[in-house]
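Residue numbers (the numbering used here): 202 to 421. Ideal placement from N, C-alpha and C gives every residue a C-beta, glycine not left out. If you're wondering where the values come from, they're calculated on a predicted model, not measured in any experiment. What follows is a set of notes on a single structure, which appears directly below.
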């Protein structure tokens, strides 16, 4: 046994080095690196808090692994998230680490960009806003729109104080009365222009009362 370690030492060392080189070649063969653009997810958002702005919506993640595995990866296989459980109102900077990126153990994270993100959060408020029906067109000659009602008349909107303070009412999508000569109901959606707000519902029923214009003597 002693001779095995003492004889032909130089030859055995060369053999060992060659074996290691061969191992690296075999291991690295078929390796591939790709960059994926992934959406940033937010977890554990405190109750009564809303995200109003972020410095980035996506992160570029560079991953390495066997070409066969990397080639078959889908964006849903890798999750990038930010934990907001301890976030405070205002702007907060979060630094990404490997712990923020969950992926299969068969691949390796090489790098990512950006390395941090700024998240702005605000306290959430709720406000009742009146509904304003939007009417387009003109009734049939000799008739007029005498009354417009909405059911419900107002709706609950939830969001940041800043966003809510910009609104006096919520408009509906247009209701067309062209050539109408009789009262009718129409179910329409609300024209929700500010997507940072949430609403209890987005559909209302509009009643358009059409009456004869006495000044023209029209008859229904």
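| Asked | Found |
| --- | --- |
| In whole angstroms, what separates the C-alpha of residue 240 from that of residue 271? | 19 Å |
| Quick one, which of 403, 313, 391 and 333 has its alpha-carbon nearest residue 260's? | 313 |
| Excluding the five sequence neighbours on either side, which residues of its own chain have a C-beta within less than 6 Å of the C-beta of residue 283, listed in chain order? | 243 and 295 |
| Any idea if residue 329 is buried or exposed, counting beta-carbon neighbours within 10 angstroms, 16 or more meaning buried? | exposed |
| Return the chain-ordered list of same chain residues with a C-beta closer than 8 Å to the C-beta of residue 325, the five sequence neighbours on each side being excluded. | 249, 250, 251, 359, 360 and 361 |
| For the beta strand (DSSP E) that residue 239 lies in, which residues bound it at each end? | 232-244 |
| Quick check on residue 206: does DSSP put it in helix, strand or coil? | With a pLDDT of 48 at residue 206, under the threshold of 50, the predicted position of this residue should be treated as unreliable, and no value is reported. |
| With DSSP collapsed to three states, give me the class of residue 356. | strand |
| Helix, strand or coil for residue 323 per DSSP? | strand |
| State the Cα-Cα distance for the pair residue 300 and residue 320, rounded to the nearest angstrom. | 18 Å |
| Around the C-beta of residue 275, are 16 or more other C-beta atoms found within 10 angstroms, so that it is buried, or is it exposed? | exposed |
| Beta-carbon within less than 7 Å of residue 257's beta-carbon, same chain only, minus the 5 sequence neighbours each way: which residues are those? | 241, 315 and 318 |
| Less than 8 Å separating the beta-carbons of residue 363 and residue 322? | no |
| Quick test of your reading: residue 349 and residue 411, contact by CB under 8 Å. State the CB separation rounded to the nearest angstrom. | Contact doesn't hold; Cβ gap of about 10 Å is too wide. |
| Assign residue 338 to buried or exposed, taking buried as 16 or more other Cβ atoms, counted over all protein chains shown, within 10 Å of its Cβ. | exposed |
| Quick one: what does DSSP say residue 270 is sitting in, helix, strand or coil? | helix |
| Taking DSSP's pairing of strands, which residues face residue 252 in a bridge? | 322 |
| Over what stretch of residues does the alpha helix (DSSP H) that includes residue 396 continue unbroken? | Neither: residue 396 is in no alpha helix (DSSP H) and is coded neither H nor E. |
| Going straight from the alpha carbon of residue 393 to that of residue 403, what length do you get? | 8 Å |
| Who does residue 361 pair with in a DSSP beta bridge? | 325 |
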